[in-house]
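Letter by letter, the sequence shown follows residues 0 to 111 of numbering that gives the first Met the number 0. Even for Gly, the Cβ is constructed at its ideal location relative to N, Cα and C. Just so it is clear, the structure is predicted and the values come from calculations on it, not from any experiment. Here the structure comes first, spelled out in structure tokens, and everything after it is commentary.
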Amino acid sequence: MSRGVIIIALAVALAHAGAAAQSLSVVGKWAVSQSRCDTEAIAFEADGHFSSTLDDKEPRAGQYRLGRDRIILLDDAEPDRELALIVIDYSPTRLVAFDETIESDRRLVKCR
0 MSRGVIIIAL AVALAHAGAA AQSLSVVGKW AVSQSRCDTE AIAFEADGHF SSTLDDKEPR
60 AGQYRLGRDR IILLDDAEPD RELALIVIDY SPTRLVAFDE TIESDRRLVK CR
């Protein structure tokens, strides 16, 4: 798939996700699968803090805030750099977002 097609598909998905993102409720723990909730997950707290072990080599923690179509992460280790998870699809139990740090999408499920 060409880069142009991917960019167009992402733009269309973002347009549809914009309205849903305004009502996002990401509080809780999200992982790549239920079996990895203890090892490879990101947790969002109601007070605006997050912690992530999605990247084994770079665990992250800090503050987050919700934008219209994204979750903006402010890592304690890099307070001047905003990292974004751009929401592509969302339901109360599933989150698909483009992760700028890995330049790919992440498909996450809400941990029980």
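Bridge pairing for L84: I70, D98 [DSSP].
The Cβ atoms of A30 and V108 sit closer than 9 Å to each other.
Each of S90, A83, D46 was checked against the Cα of S103, and the nearest Cα belongs to A83. In the structure shown, S51 adopts extended strand secondary structure according to DSSP, grouped into three states. Under a 10 Å Cβ-count criterion, V26 is classified as exposed, with fewer than 16 other Cβ atoms of the shown protein chains found around its own Cβ. For the pair A76 and G61, the Cα-to-Cα distance works out to about 8 Å. Each of G47, A40, P78 was checked against the Cα of L53, and the nearest Cα belongs to A40. Ranked by Cα distance from I85, the options P78, G66, L73 are led by G66.
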